[in-house]
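A.B. asks:
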Amino acid sequence: MFWFKMNTRYDMAFHSIFLAFLLSFLLSDTTGEMPAPPKARNIILMIGDGMGISQVSAGMYANGNKTNLEKFSVTGLQKATASDRLITDSASGGTALACGVKTYVGAIGVNTDTMPVISILEEAEARGMATGMVTTSSITHATPAVFIAHVKLRNQFEDIAASFLKTEIDLFIGGGKKYFNRRITDNRNLIHELEKKGYFVSDYRQQPLDEIVPLAQKNFAYFTADAEPPPASKGRDYLPRASNMATYFLDRHSGKDGFFLMIEGAQIDWAGHENDNDYLVSEMIDFDEAIGRALKFAERDGQTLVIVTADHETGGYAINPGSRMDSLITAFTTDKHTAALIPVFAYGPGAEYFHGFYDNTAIYTKMRQALGWEER
Ligand code: MG
Ligand code: ZN
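Just remember that the numbering used here sits 3 ahead of the position in the sequence shown, which is counted from 1.
1. For residue 68, count neighbouring C-beta atoms within 10 Å of its own C-beta (all shown protein chains included) and say buried if the count is 16 or more, exposed if not.
2. Going by DSSP, which residues form a beta bridge with residue 206?
3. Can you tell me whether residue 316 is buried or exposed? The criterion is at least 16 other CB atoms within 10 Å of its CB, across all chains shown.
4. Measure the C-alpha to C-alpha separation of residue 373 and residue 190 and round it to an integer number of angstroms.
5. Taking DSSP as the reference, what is the three-state secondary structure of residue 352?
6. Would you list the residues whose beta-carbon is nearer than 5 Å to any heavy atom of ligand 1, in the order they occur in the chain?
7. Are there 16 or more other CB atoms within 10 angstroms of the CB of residue 241, so buried, or fewer, so exposed?
8. So is the beta-carbon of residue 279 under 7 Å away from any non-hydrogen atom of ligand 2?
9. Buried or exposed: where does residue 166 fall if 16 or more other Cβ atoms within 10 Å of its Cβ makes it buried?
10. Is residue 144 near ligand 2, judged by its Cβ being under 7 Å from some heavy atom?
11. Assess contact between the stretch 113-122 and the stretch 158-176, defined as three or more Cβ pairs (one per stretch) separated by less than 8 Å. Is contact present?
12. Between the stretch 306-323 and the stretch 340-350, do three or more beta carbon pairs fall short of 8 Å?
13. Quick check on the DSSP output: the beta strand (DSSP E) that includes residue 362 runs from which residue to which?
14. Which first and last residues belong to the beta strand (DSSP E) in which residue 336 is found?
15. Assign residue 108 to one of three DSSP states: helix, strand, or coil.
16. Using 8 Å as the cut-off, can you tell me whether the stretch 166-177 makes contact with the stretch 293-303, which would need three or more C-beta pairs spanning the two stretches below that distance?
17. What distance in whole Å lies between the Cβ atoms of residue 290 and residue 45, which are believed to be in contact at a cut-off of 8 Å?
18. Just curious, the beta strand (DSSP E) that residue 265 is in, first and last residue?
19. Helix, strand or coil for residue 372 per DSSP?
20. Is DSSP giving residue 377 helix, strand or coil here?
21. If you run the structure through DSSP and keep just helix, strand and coil, what is residue 366?
22. Grouping DSSP H, G and I as helix and E and B as strand, with all else coil, what is residue 250?
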């Protein structure tokens with residue numbers, strides 16, 4: 004009896020030591036197989052509004068079967084549904100990307116209870132990073148708005164413009180000047196207010212963007228139009244250059260903490276709504292050029308994660324039989340958005356997080372992980 008007890012105790016002690024050893028061996032082996040990806044210092048999030056797989060395909064064929072997206076090491080797919088509908092819009096889809104929250108169609112940076120949810124840009128700013136946005140729409144349009152504003156509906160353009168004064172965003176480039184200086188809902192002149200806050204503010208009428216050398220110590224705001232900028236095919240050519248300028252500006256502005264930059268190809272969506280193939284292809288080629296500039300910065304920098312995705316697909320776009328590389332026969336099934344899965348492309352430190360198949364809200368979480376803000 005006595006010996007039996009002794010033996011049992013001895014066995015149990017040995018057993019637990021053995022188990023602990025086995026466990027530590029297994030754990031070390033697991034972490035050895037899957038080391039944590041290196042952290043990103045900077046993030047460039049590029050959103051092709053309305054850009055589905057067929058849009059990417061058409062842009063590539065029309066560009067001699069080449070796209071900068073081929074240089075991305077990681078691809079994924081995201082489910083872009085809204086909280087209240089299968090088919091989302093740029094407000095709900097954008098809030099998912101920017102804030103990690105599933106919300107209703109039309110919502111700008113608010114949840115289903117219309118309560119504000121903080122965006123990754125706002126958190127980056129609070130954590131001392133430099134932040135910026137570049138778009139080919141007005142800067143108050145849904146896609147940029149979800150990163151900076153918290154309003155119930157996407158058409159509150161003047162409220163969205165006023166939200167820029169509540170942040171310390173370092174750079175923004177886009178249209179929509181009239182929502183800042185010719186307001187209907189109040190008499191504020193937000194351009195004067197921005198200047199008082201220490202921003203350098205200019206616009207397309209005063210001087211071309213490429214003639215401006217922004218001062219590193221001032222924040223930078225540039226309006227490319229009073230309302231919406233023209234299509235690329237009608238002379239708009241600033242997106243690639245502005246994207247390039249923004250990366251270097253924010254890099255200089257960021258000190259030790261890095262930067263977050265959102266770049267939008269806004270009019271891919273508008274071409275889809277208009278069922279206009281030439282419009283669509285020229286917007287895709289313009290956006291691809293901007294992607295090329297961002298990639299070049301990231302390649303040189305080595306600490307920048309570049310993510311390219313969309314908020315939803317627009318037009319039910321297809322490349323039909325009879326198409327050749329140099330002459331596409333395309334069709335649209337609708338002039339609205341569709342529920343198609345959306346591609347995700349990632350390059351740089353933390354790109355590994357974007358492998359696979361996930362919800363649109365996961366892109367927010369993955370960006371936080373890549374920055375080291377959240378445990379895996
Ligand atoms: Mg948009
Ligand atoms: Zn749309």
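Here a beta-carbon is modelled for each residue, glycine too, at the ideal position from N, C-alpha and C.
C.D. replies: According to the structure shown:
1. exposed
2. 226
3. buried
4. 42 Å
5. coil
6. 52, 93, 146, 269
7. buried
8. no
9. buried
10. no
11. no
12. yes
13. 359-362
14. Run containing residue 336: none; DSSP gives neither H nor E here.
15. coil
16. no
17. Contact doesn't hold; Cβ gap of about 20 Å is too wide.
18. 262-268
19. helix
20. coil
21. helix
22. helix
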